[in-house]
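In this note's numbering, the protein residues as written are 72 to 439. For every residue, glycine included, the Cβ atom is placed at its ideal position computed from N, Cα and C. First comes the structure, then the notes that go with it.
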């Protein structure tokens, strides 16, 4: 079985010019799995959090609902709040034992998923932000750093002080990419903007998120960006009279005056496409998908407090990105002043996906 790990792919990308294409992560030529009749199909979704979180897991639950509408004769399995532990392996094995033909894992489970995939070669496994490609395992993710940059542009215009805050989960590349893209977008408008980061070591902990947002406000920030799964930061911002941008879904009802926008996720089209291919017998692994702006990830409608000229400025950047413009061009330095991206070079999607160092102006994150 040909296997290409995410670590191998990112190492290859790192050794190539920064502007090289993402296709280093699309290197496995895998055979198609046999077709399955819709009324015999079993489709499984495993979520990292509760489907009621209003965030990441709820967006994947929406994808399941869309799939049910598109494939009404199929049987669906769904388990929420799967921890990154041996419990995950047991859950994925149970999916297989229950006849699953295709399994969506809504977060990166690494070997906890791959060990199951290796023992079930006739089952397709799709891992969000996944780590490897093999005959029956693939990955999917989103170009969230591009929309993070757009949100940063608007945030710099909305902030009076230039002191921005970011509430994240863990010190992982996805979070570094969130904080960094946000500040780089802001600094394209206000070169003196800064971003204070607080991590709560959870994707869904409303109490910890509220405490982190309050701490940032006490430290003088007047705008918060968060990639957590709930609206707690927005609620705190609403009470404090500052602005906030969120992730995953439209959360404006939790803080209509504070709400700037949200980084919206939509997996529906991707999941339906993969299920359709699996049933037809045309599904192959080895072709991981990075969903671009406008097709899986985008900004939400602007909040009511965002002035039209601010929205227009940020949307002009979004339009350029959709047209192929890359905002992550050198020179870019890290928090120690070291040049990480030289003048004339750019960060490709592989580099953004593997971000492990905070850009200059970010505090609260360390160089890995």
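A contact is defined here as three or more CB-CB pairs under 8 Å, and the segment 101-121 meets this definition with respect to the segment 141-156.
Each residue's CA atom was taken as its position, placing residue 425 and residue 245 some 8 Å apart.
Residue 247 carries a helical assignment under DSSP once its states are collapsed to helix, strand and coil.
Rounded to whole angstroms, the separation of the alpha carbons of residue 284 and residue 307 is 7 Å. Beta-carbon to beta-carbon, residue 194 and residue 160 are separated by about 14 Å, too far to satisfy the 8 Å threshold. If you look at residue 158, you'll find it in the alpha helix (DSSP H) that goes 157-168.
Look at residue 347 here: in three-state DSSP terms it is helix.
In the three-state scheme derived from DSSP, where H, G and I count as helix and E and B as strand, residue 119 is classed as coil.
Residue pairing for residue 239: DSSP places it in a beta bridge opposite 270.
With contacts defined by Cβ atoms closer than 8 Å, residue 291 and residue 253 do not form a contacting pair. Residue burial annotation: residue 379 is exposed, with fewer than 16 other C-beta atoms found within 10 angstroms of its C-beta. Burial of residue 389 is indicated by the presence of at least 16 other C-beta atoms within 10 angstroms of its C-beta. The beta carbon of residue 107 lies closer than 6 Å to those of 172 and 350 in the same chain, with the five residues before and after it left out. By the neighbour-count criterion, in which 16 or more other beta carbons inside 10 Å mark a residue as buried, residue 437 falls on the exposed side. Membership of residue 222 in the alpha helix (DSSP H) is indicated by the continuous run 215-229.
Contact annotation: residue 343 and residue 333 have beta-carbon atoms that are not nearer than 8 Å.
Boundaries of the beta strand (DSSP E) harbouring residue 318: 314-319, taken from the DSSP string. Between the alpha carbons of residue 328 and residue 231 lies a distance of about 16 Å. With distances taken between CA atoms, residue 391 lies nearest to 220 out of 169, 196, 208 and 220. Closest in C-alpha terms to residue 247, from the list 136, 103, 268 and 228, comes 268. Counting only the Cα atoms, residue 144 lies some 24 Å from residue 356.
Residue 368 and residue 326 have their C-alpha atoms spaced approximately 22 Å apart. As the crow flies, the alpha-carbon of residue 423 is around 32 Å from that of residue 104. By the Cβ criterion, the segment 390-404 is not in contact with the segment 193-207, since fewer than three pairs of Cβ atoms, one from each stretch, lie closer than 8 Å.
A distance below 8 Å separates the beta carbons of residue 265 and residue 432. At the C-beta level, residue 227 and residue 199 stay beyond 8 Å of one another. Sequence-distant Cβ neighbours of residue 164 in its own chain, meaning closer than 6 Å and more than five residues away, are 187.
Residues 211, 360, 362 and 367 of the same chain have their beta carbon placed closer than 7 Å to that of residue 341, with the five preceding and five following residues left out of the count.
Bridge pairing for residue 414: 401 [DSSP]. In the displayed model, residue 426 falls within coil according to three-state DSSP, outside both helix and strand. Secondary structure at residue 310: helix, using DSSP grouped into helix, strand and coil. Our two residues, residue 409 and residue 250, have alpha carbons roughly 18 Å apart in a direct line. From the listed residues 185, 242, 214 and 140, the smallest Cα separation to residue 336 is found for 214. Residue 324 counts as exposed, since fewer than 16 other beta carbons sit within 10 angstroms of its beta carbon. Counted as a single uninterrupted DSSP element, the beta strand (DSSP E) harbouring residue 174 occupies residues 173-176.
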